[in-house]
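Residue numbers (my numbering): 1098 to 1155. The structure appears right after this line, and notes come after that.
Laid out in structure tokens, this is it:
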């Protein structure tokens, strides 16, 4: 393999590895945001159900 070709491939490999790392981090952050949204939704549903129960008891 030519030295120039090897250098180009190594450079491309570094770039691709960086893209992989960045994409994994992005997915991780999205998962954290999803979990936060799911907790918020659960709290809202619980609050809604409590309000409904209070209204039925009134």
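No residue lacks a Cβ here, since even glycine has one placed at the ideal position from N, Cα and C.
| message | I want to check one thing, is the minimum distance from the CB of residue 1127 to the heavy atoms of the ligand ADP below 8 Å? | response | This structure simply doesn't include the ligand ADP, nor any ligand for that matter.
| said: So for residue 1150, helix, strand or coil by DSSP? | reply: Of the three classes helix, strand and coil, the one that applies to residue 1150 here is helix, per DSSP.
| Close beta carbons around residue 1124, own chain, < 7 Å, minus the five adjacent residues each side | Non-local beta-carbon contacts of residue 1124 in its own chain, meaning distances under 7 Å to residues more than five positions away in sequence, are absent.
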